[in-house]
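Input: a single structure, listed below in structure tokens.
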Amino acid sequence: MLSARPAAADRPCRSCGSTRLQPFLDLGETPLADALVRPEHANETDPRFPLEVAFCPECTLVQILEDVPPAQLFVDNYLYFSSFSDAVQEHSRSHVDGLVDSRGLGADSLAVEIASNDGYLLRHFVARGVPVLGIDPAPTQADAAEAIGVPTVREFFGTELAARLRAEGRRADVIIANNVMAHVPDLNGFVAGMRTLIKDDGVITVENPYVRDLIEHREFDTIYHEHHCYFSCTAVDRLVRRHGLYLNHVEYFPRLHGGTLRWHISPREEVSDTAREYLAAEAATGMLAFDYYRDFGAAVESIRAELVALLRQIRADGKRVAAYGAAAKGSTLINFAGIGPDLVDYVVDRNVHKQGLLMPGVHLPIRDPAALIEDQPDYLLLLAWNFLDEIRAQQASYIEAGGRLIVPVPRPTVLEPQPAEAV
Ligand code: JHZ
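Residue numbering for the sequence shown follows numbering that gives the first Met the number 0, beginning at 0 and increasing consecutively.
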């Protein structure tokens, strides 16, 4: 089951091909983070794959060294539905409104989204009368998208699909790629495909968590096999220039997925002051050199030790802990830290497709959040800490009844019951 992996020193950079990659974090062997387990397989051992992270000293891209075949990662039993977060819905709607208004999009335009999931974003173009095309190989999500009027090509995106669409006469005025560029093993093919599909005066917007937040806020749990790359502006700039595209503008959303950047990329070079400032700030912060990443592994080790000690103490005091969010990042956290049924009773998640299944690896059961009110565990470990505000609002009754939230990063903390700032 494990794929043969070249030694770190031999593995070429996913962007520039350099063979001088410098590893800085080893999370051991972890199960696939989104491969939730059916109860009938509870007694089986899930496949595990090495999870090691490295920095490229030539193009600055942070990346994992392992490749799991995409069909195994995203199609079989892939249960991530973008529409389950109100915050993501609102973020998408305002993004679409901004694009339609600023670019004057209308009935003759085409908006393409790569990894369109359940149509959570393209639906807003449809509502504004702009033709859309979704691209997503995950069948359940594509069915959901089609059901709300979002036509979806059920394939992985790359040079081949882009060339085919272009040959059919389809060119995009806007391409949106949210939380997908990190997911593709063939990064250069993905960017080359976007260049093929975008009109010469079009714009591509790409969103992804910012590697600076990952490092500075210790968000190590966002590392898993689906995420091949962890981007800075510098790495994106160098990547897209190789394909005749320019990083022209940058927006920052500090509360989305722990800190997200939106890069505006076009065939025409029109670099904004903001984009220049981001690039300059990355150089000034030291992000372009290995030293910036060197101590991250030690920081992650101390989070693991502190979290396990905290949970053991809670257990020793005779109290009970549940967890919130059967998120992919939750799987990295609990498997890396070895948090099993001895420390946490169960996980809750409002995605009905996940309820009744088991978390990968440690096999904690996933239940409806209603269980918290019936059961009132003393503590709730927030695996989906990126949705702290939203979850805290939903769980007001649990908190009023004495339940306490624990956030795991940037260091394990039991939150006070009164409203506080999100991580
Ligand atoms: P969530 C996902 O990662 C998947 P994950 C993907 N790999 C990616 O790149 C990142 O996002 C960016 C649930 N929930 O979104 C829904 C509630 O139960 O942080 C999810 O199962 N109640 C494509 O999986 C989970 O929590 C709620 O109120 O780490 C959150 O997972 C809300 C808001 C969410 O991402």
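In this text, a Cβ means the ideal position worked out from N, Cα and C, and glycines have one as well. These figures come from a predicted structure and were not determined experimentally.
For the alpha helix (DSSP H) holding residue i, just list the boundary residues, first then last.
i, result
"residue 206", "Element bounds for residue 206: not the alpha helix (DSSP H) but the beta strand (DSSP E), 197-208."
"residue 165", "158-166"
"residue 59", "No alpha helix (DSSP H) contains residue 59, which DSSP labels as neither H nor E."
"residue 102", "85-102"
"residue 177", "Run containing residue 177: none in the alpha helix (DSSP H); it sits in the beta strand (DSSP E), 171-177."
"residue 395", "395-399"
"residue 299", "295-315"
"residue 429", "A query on residue 429 cannot be resolved here, the shown segment of the chain reaching from 0 to 422 and no further."
"residue 125", "121-126"
"residue 488", "Given a span of 0 to 422 for the chain in the structure shown, any question on residue 488 remains unanswerable."
"residue 288", "From DSSP, residue 288 is part of no alpha helix (DSSP H); its letter is neither H nor E."
Using only the alpha-carbon positions, how far apart do residue i and residue j sit?
i, j, result
"residue 290", "residue 62", "16 Å"
"residue 180", "residue 201", "18 Å"
"residue 457", "residue 162", "Limits of the chain in this structure are 0 at one end and 422 at the other, which puts residue 457 out of reach."
"residue 2", "residue 227", "In this prediction, residue 2 has a pLDDT of 43, which is less than 50 and means its spatial position is unreliable; what the coordinates show is noted afterwards. Their backbone Cα atoms lie some 15 Å apart in a straight line."
"residue 246", "residue 287", "17 Å"
"residue 230", "residue 16", "16 Å"
"residue 13", "residue 88", "31 Å"
"residue 421", "residue 167", "Low confidence applies here, because residue 421 scores a pLDDT of 42, under 50, leaving its location unreliable; read the following figure in that light. Taking the straight line from one Cα to the other gives about 47 Å."
"residue 54", "residue 333", "25 Å"
"residue 96", "residue 111", "15 Å"
"residue 19", "residue 148", "47 Å"
"residue 340", "residue 382", "15 Å"
"residue 158", "residue 194", "9 Å"
"residue 413", "residue 311", "14 Å"
"residue 28", "residue 52", "12 Å"
"residue 70", "residue 113", "16 Å"
"residue 410", "residue 298", "9 Å"
"residue 273", "residue 43", "51 Å"
"residue 224", "residue 275", "31 Å"
"residue 121", "residue 190", "21 Å"
"residue 335", "residue 143", "33 Å"
"residue 0", "residue 41", "Its pLDDT being 38, under 50, residue 0 is placed unreliably in this model, and the coordinates cannot settle the point."
"residue 395", "residue 103", "42 Å"
"residue 173", "residue 318", "52 Å"
"residue 170", "residue 107", "11 Å"
"residue 56", "residue 32", "28 Å"
"residue 198", "residue 352", "38 Å"
"residue 367", "residue 164", "42 Å"
"residue 139", "residue 282", "43 Å"
"residue 153", "residue 307", "42 Å"
"residue 302", "residue 217", "9 Å"
Could you give the residue range of the beta strand (DSSP E) that holds residue i?
i, result
"residue 25", "21-30"
"residue 250", "245-252"
"residue 259", "259-265"
"residue 241", "Residue 241 -> no beta strand (DSSP E), and no H or E assigned at all."
"residue 281", "No beta strand (DSSP E) holds residue 281; the alpha helix (DSSP H) holding it covers 272-284."
"residue 48", "47-54"
"residue 380", "378-381"
"residue 131", "131-134"
"residue 321", "320-323"
Could you check which residue in the options has the C-alpha nearest to that of residue i?
i, options, result
"residue 401", "376, 393, 408", "376"
"residue 203", "154, 141, 268, 218", "268"
"residue 405", "366, 323, 327", "323"
"residue 36", "348, 363, 143", "363"
"residue 304", "48, 355, 338", "338"
"residue 398", "93, 386, 416", "416"
"residue 132", "176, 96, 33", "176"
"residue 185", "165, 300, 209, 67", "67"
"residue 428", "86, 99, 336", "Lying before the first or after the last residue shown, residue 428 is absent from the chain, which here runs from 0 to 422."
"residue 255", "51, 70, 331, 90", "90"
"residue 210", "123, 396, 178, 197", "178"
"residue 115", "128, 134, 100, 126", "134"
"residue 330", "10, 58, 9, 30", "30"
"residue 380", "392, 346, 366, 365", "346"
"residue 407", "352, 170, 309, 72", "309"
"residue 236", "266, 215, 213, 218", "266"
"residue 187", "170, 320, 156", "156"
"residue 248", "349, 205, 283", "205"
"residue 350", "371, 306, 123, 79", "79"
"residue 388", "257, 365, 283", "257"
"residue 253", "282, 48, 222, 212", "212"
"residue 239", "264, 140, 277", "264"
"residue 277", "259, 233, 125, 60", "233"
"residue 105", "127, 92, 93", "127"
"residue 182", "244, 217, 65, 93", "65"
With 8 Å as the threshold, decide whether the Cβ of residue i is near any Cβ in chain D.
i, result
"residue 336", "Structure shown: chain D not included; a single protein chain is present."
Report yes if the C-beta of residue i is less than 7 Å from at least one heavy atom of the ligand GTP; otherwise report no.
i, result
"residue 104", "The ligand GTP is absent from the structure shown, which contains only the ligand JHZ."
| Neighbourhood of the ligand JHZ [Cβ distance below 6 Å to any heavy atom], ordered by chain position | Answer in sequence order: 79, 83, 84, 178, 225, 256, 324, 325, 326, 327, 328, 348, 349, 350, 353, 383, 385, 386, 389, 390, 393.
| task | Could you tell me whether the region 21-34 touches the region 293-305, where touching means 3 or more Cβ pairs closer than 8 Å? | result | With the cut-off at 8 Å, the region 21-34 and the region 293-305 touch.
| query | Contact between the region 311-330 and the region 354-361: three or more CB pairs below 8 Å? | reply | With a cut-off of 8 Å, the region 354-361 and the region 311-330 count as touching, because enough Cβ pairs lie within range.
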